[in-house]
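Novice: Sequential numbering of the sequence shown, starting at 2, is according to our numbering. Glycine is no exception: its CB is placed at the ideal position from the N, C-alpha and C atoms. Owing to the predicted nature of the structure, the values given are computational and were not obtained by experimental measurement. Could you have a look at this structure, given as structure tokens, before my questions?
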Amino acid sequence: MNLLSRVFFLCLLFGAASQLPAQCNFKAYQEFSAAKMPDTHRLLKSYHLDGKGGEQKQVEVKLNLRKDTNYHFQLATGADGGAEGVVAAVLNNKDNEVASSYDHTGYREQFNYRCRDSGVYTIVFTFKEAEIYCGAATVSVEK
């Protein structure tokens, strides 16, 4: 292989490798997140979390929640499928935070919320200190 061929091959190799982190395997994250759901729960909704390689710091979704219902939120992000660097916050119709995956102990990959009022809630997923801007989240309820 001559020098020009080697340079071309290296450019091709590094060019392809630099594109790999920008791609996200949502299905793998989704399956990982759903697998951690308690056996006593049924899947209500799952979400793709795409921070577009760091260009988008937040993903917002709407979800109808019902009064006196317990909801279980599970996050799967990053290289290990945990939730390091990502915060999920549940906001009521007045934009008040009523639950979060972050507290004084740090980032949590799962949390529960017992709904006090029926209505449309906003779930805000924020990439705070994330290295990988990709993942999935599942919401489940007791069967």
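1) What residue does the alpha helix (DSSP H) around Tyr-30 start on, and which one ends it?
2) What is the DSSP secondary structure of Gly-120, counted as helix, strand or coil?
3) Please tell me whether Gly-55 and Tyr-134 are closer than 8 Å, where the distance is taken between their beta carbons.
4) Under a three-way DSSP split, which group does Gly-79 fall into?
5) Please confirm whether Tyr-48 and Asn-93 have their CB atoms less than 8 Å apart.
6) Tell whether a beta-carbon distance below 8 Å holds between Val-60 and Asp-51.
Specialist: Considering the structure as presented:
1) Position 29 of the sequence shown, counted from the start, is the residue given in the question as residue 30. First-last of the alpha helix (DSSP H) with Tyr-30: 27 to 36.
2) Taking the sequence shown and counting its residues from 1, the one referred to as residue 120 is at position 119. Gly-120 falls in the strand class under three-state DSSP.
3) Start at 1 with the first residue of the sequence shown, and residue 55 comes out as number 54. Start at 1 with the first residue of the sequence shown, and residue 134 comes out as number 133. Cβ distance < 8 Å, so Gly-55 and Tyr-134 count as in contact.
4) Here residue 79 refers to the residue found at position 78 when the sequence shown is read from its first residue. DSSP places Gly-79 in coil when its eight states are reduced to three.
5) Your numbering for residue 48 matches position 47 in the sequence shown. Your numbering for residue 93 matches position 92 in the sequence shown. Not a contact, by the Cβ cut-off of 8 Å.
6) As a position in the sequence shown, residue 60 is number 59, starting the count at 1. As a position in the sequence shown, residue 51 is number 50, starting the count at 1. Going by C-beta atoms, Val-60 is nearer than 8 Å to Asp-51.
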